[in-house]
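Oh and the sequence shown: position 201 is 200 in numbering that gives the first Met the number 0, straight run, nothing missing.
Where a beta carbon is used, it is the ideal one built from N, C-alpha and C, also for glycine.
Since we're looking at a predicted model, the values are computed, not measured.
For reference, the structure discussed in these notes is given below.
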Amino acid sequence: MAGIEKKQLLTELHESGICKIPNSLTFFIDPVRILNRNYTQFRVSPSSYYSRFFTSNFTIDELPNQEHKSENGDNFRVSASCGKRKRNQKKKKIQQCYPLNEKELLADQRHQEIRPLLVKAHEELLRAKELLDVICELNCEIEGWERCVDLNSGGINEEEEVSFIELGKVWQAPLYEIALDYTQANTQVQINGGSLDTQHVNQRLLPLFNNLVSNETNYDMVAEFQTSQYILPKDSCFYMSELEQIHTLVPANSECGFNFIMVDPPWENRSAYQKSKYPTLPNRHFLSLPIKQLTYTSGALVALWVTNREKLRKFVENELFPAWGVSYAATLYWLKVKADGSLICDLDLFHHRPYECLLLGYTGKPNVMQVTDSELTATGKSLKDQVVMTIPGDYSRKPPVGDLLLEYVPGPRPARCIELFAREMMAGWTSWGNEPLHFQDRRFFSRNITENTN
């Protein structure tokens with residue numbers, strides 16, 4: 000790679016958070032830089048986002064269910080009891096092994112088909128030495144910025160975190176209100192020479208549940224609920240409710256529908272259950288999602304996060320996408336790496352793959368050419384499989400890949416975007432779920448301390 004190309008890559012990463020490997024569909028992204036384009040007076044704290052996998056001493060010695068090959072080439076799986084080994088033990092003693100079942104064989108076949116793509120992407124990352132030098136410092140705080148938890152007399156303990164899921168189920172839920180602080184927006188009006196309407200107050204109370212809460216200003220906003228504060232990105236909104244109320248978001252006219260729909264369902268999985276991170280739902284519940292009704296007239300790009308379970312992939316292919324009216328187009332593979340560029344675990348670890356899949360498809364007829372001055376109803380580009388590499392954030396926190404896919408979105412510009420089962424907000428997006436404020440808690444952010452000292 001030429002020196003000019005390397006310099007350009009690093010410039011792109013610093014400015015946008017997105018670094019595209021030349022002549023490929025491979026990207027490395029810094030989620031913190033991408034997210035921080037949504038904010039003005041706050042920043043997502045790098046040290047809070049990159050709270051995992053930021054050391055090179057992470058080991059997988061005791062992860063169970065590794066896949067092996069016997070001397071005759073047959074696949075077999077090692078159970079948890081024989082996957083463990085002492086750190087100084089040179090050889091593993093296999094105590095129990097048994098053949099892969101039919102679904103596991105299909106899952107392995109699917110993995111082997113995409114393996115060359117993932118290996119090539121990772122090799123390209125490891126060859127970009129200058130990029131690796133930058134990656135190892137991504138968790139450092141920006142000079143002049145300090146984590147909000149250090150500014151607020153002790154900060155917020157995780158034990159005291161508000162459980163929106165539990166609050167949304169109690170009978171008092173309709174009575175809860177969230178307070179939006181318009182001080183920053185009003186200050187800007189005064190600075191620009193305008194005069195404030197005497198009826199325009201700095202704080203506004205709105206119902207928290209089953210209500211569209213919007214920040215329609217060009218500035219991020221502080222919202223207060225009980226004793227906690229949340230940072231709302233500029234030009235964003237959220238609707239917090241249970242699954243039964245999602246139909247409230249369906250527009251009366253499809254011309255007001257969404258042309259980019261991101262879905263991150265709480266799939267049933269053992270890890271989420273064991274860690275008690277969030278409640279999961281059986282697959283059949285997702286069949287009722289009103290994807291068709293939410294879609295813009297000329298169609299939408301639908302992006303669905305899935306796990307690597309073969310049973311789930313078959314469910315999506317045979318039942319879920321047909322029920323939603325979605326035609327599969329391509330897959331975005333999220334390959335997870337550590338600060339030194341190595342994978343978070345072995346690529347071939349059978350039940351713990353270091354990647355997740357975002358399935359991409361279209362509803363409607365996005366290829367119909369009806370271009371006007373106000374909208375673009377054809378993408379002009381064909382979706383292909385691509386790889387995105389990042390250092391993972393908190394458990395279940397997906398990287399913000401929306402910007403990478405906007406060029407494939409049919410319909411009007413700017414795109415009308417919605418995320419279902421959201422746990423984080425983005426500028427220009429509608430976020431729906433039973434805890435869209437989860438990662439908006441102020442403890443995940445930094446604030447400019449140089450401004451506070453003036």
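Residue 282 versus residue 441 - alpha carbon distance:
33 angstroms
Residues of its chain near residue 244, where Cβ-Cβ distance is below 6 angstroms and the 5 sequence neighbours each way are ignored:
209
Range covered by the alpha helix (DSSP H) that runs through residue 170:
Neither: residue 170 is in no alpha helix (DSSP H) and is coded neither H nor E.
Ends of the alpha helix (DSSP H) at residue 295?
Residue 295 -> no alpha helix (DSSP H), and no H or E assigned at all.
Closest to residue 180 by C-alpha separation, out of 121, 201 and 170, would be which residue?
201
I'd like to know if the region 255-264 and the region 407-425 are in contact, where contact means that at least 3 CB-CB pairs between them fall below 8 angstroms.
yes
For residue 361, I'd like the list of residues in its chain whose CB is within less than 8 angstroms of its CB, leaving aside the five on either flank, ordered along the chain.
298, 299, 300, 301, 325, 326, 328 and 409
Same chain, Cβ closer than 8 angstroms to residue 315, five either side skipped, listed in chain order
303, 305 and 358
First and last residue of the uninterrupted alpha helix (DSSP H) at residue 254:
No alpha helix (DSSP H) contains residue 254, which DSSP labels as neither H nor E.
Under a Cβ-count criterion, where at least 16 other Cβ atoms within 10 Å of its own Cβ denotes burial, should residue 256 be classed as buried or exposed?
buried
Residue range of the beta strand (DSSP E) that includes residue 464:
Residue coverage of the chain in this structure runs from 0 to 453, which leaves residue 464 outside it and unanswerable.
Limits of the beta strand (DSSP E) - the one that residue 342 falls within:
Element bounds for residue 342: n/a, residue is neither H nor E.
Kindly list the residues whose CB is nearer than 8 angstroms to the CB of residue 175, restricted to its own chain and excluding five residues on each side of it in sequence; keep chain order.
166, 206, 207, 208 and 224
Alpha carbon to alpha carbon, what distance is there between residue 162 and residue 41?
23 angstroms
Buried versus exposed call for residue 192 [16 or more other C-beta atoms within 10 Å across all chains shown]:
In this predicted model, residue 192 has a pLDDT of only 49, less than 50, meaning its place in the structure is not dependable; the value taken from the coordinates is given anyway. Exposed.
Could you compute how far the alpha carbon of residue 37 sits from the alpha carbon of residue 104?
43 angstroms
Do you know how far the Cα of residue 102 is from the Cα of residue 229?
43 angstroms
Could you say if the region 233-251 and the region 417-437 meet the contact criterion of at least three C-beta pairs nearer than 8 angstroms?
yes
Kindly identify the DSSP beta-bridge partner or partners of residue 231.
220
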